[in-house]
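Residue numbers (the numbering used here): 14 to 283.
We treat Cβ as the ideally placed atom computed from N, Cα and C, and that holds for glycine.
Predicted, not measured: the structure shown is a model, and the values here were computed from it.
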């Protein structure tokens, strides 16, 4: 899933809003702009400005580490940081989600930081990143996702910057829930709403730059052909991408297009 510079969606709701412009919705979908995430980019930009960091991203996660989507990234470095954590299975984003508390990594050479995320830390210097901050986006039972911030200079956020980041995380929750309600109102049932999301994610016309839909398709293909579980197949894709120093999204595209033999993934689990 993703946002482009907008993001709109849904939560739960009453009768459909008769003022909804169905034609406008259709045009947005054709352009690959997922209405579940309209408005998200603006909040990420605001978070970057108010906290004085160099970039921000929003990742939506579930209780499984294997299921996560990058919704929006303000720049290429923010996108790379999120993909790095997705590939490695470690980092402040995952810990912020699981511990339900901000992860403040003001100095990447901190011993605790390096012990907790050794592989992630080792890669940061190549990106010129010297500080990372991750804020869980609050949800009813678990966080809805994580607001990820990075900076090219080391040092902690000031108290006003910290409070601004928390306010932006809360604003992300409000927007995501509002969008989900509106999305439900445009569909006849919750099942139909979920089907619409799946159909959009798999659309070949989608220009979503952040979606990991193809990664999950590639994992499914690898699982069937290698005779392993989908989770194991995803781990093999991650390991192969890391070993080859390749983008996981690019690798998945090659697998789906059959430009890469799945047998190449065998034996590259570690």
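Residue 268 to residue 238 span [Cα, whole Å]: 12 Å
Check residue 85 in the structure and name its three-state DSSP category. strand
Span separating the alpha-carbon of residue 104 from that of residue 182: 18 Å
Is there contact between the region 48-59 and the region 168-175, where contact requires at least three CB pairs shorter than 8 Å? no
Can you round the beta-carbon distance between residue 109 and residue 159 to whole angstroms, since I take them to be within the 8 Å contact cut? 5 Å
State the start and end residues of the unbroken beta strand (DSSP E) segment that holds residue 272. First-last for residue 272: undefined, no H or E at that position.
Helix, strand or coil at residue 151 [DSSP, three-state]: coil
List the DSSP bridge partners of residue 163. 68 and 145
Check this for me: beta carbons of residue 66 and residue 163, under 8 Å apart or not? yes
State the start and end residues of the unbroken beta strand (DSSP E) segment that holds residue 116. 116-118
Use the C-beta contact count for residue 165: other C-beta atoms within 10 angstroms, 16 or more gives buried, fewer gives exposed. exposed
Range of the contiguous alpha helix (DSSP H) that encloses residue 107: 105-112
So what does DSSP say about residue 63, is it helix, strand or coil? helix
Cβ-based burial, residue 248 [other Cβ within 10 Å; buried from 16]: buried
What did DSSP end up calling residue 170 once you bin it into helix, strand or coil? coil
Three-way DSSP call (helix, strand, coil) for residue 247 in this model: helix
What residues match up with residue 158 in a beta bridge as DSSP calls it? 73 and 150
Where residue 36 and residue 195 are concerned, what is the direct C-alpha to C-alpha distance, given to the nearest angstrom? Unreliable positioning characterises residue 36 in this predicted model, as indicated by a pLDDT of 35, which lies under 50. The coordinate reading is nonetheless provided below. Cα-Cα distance, rounded: 15 Å.
Over what stretch of residues does the alpha helix (DSSP H) that includes residue 131 continue unbroken? 131-140
Under 8 Å Cβ to Cβ from residue 151, same chain only, skipping five residues before and after it: list those, please. 157, 182, 183 and 186
For residue 177, three-class secondary structure by DSSP: helix
Should residue 96 be labelled buried (16 or more other beta-carbon atoms within 10 Å of its own) or exposed? buried
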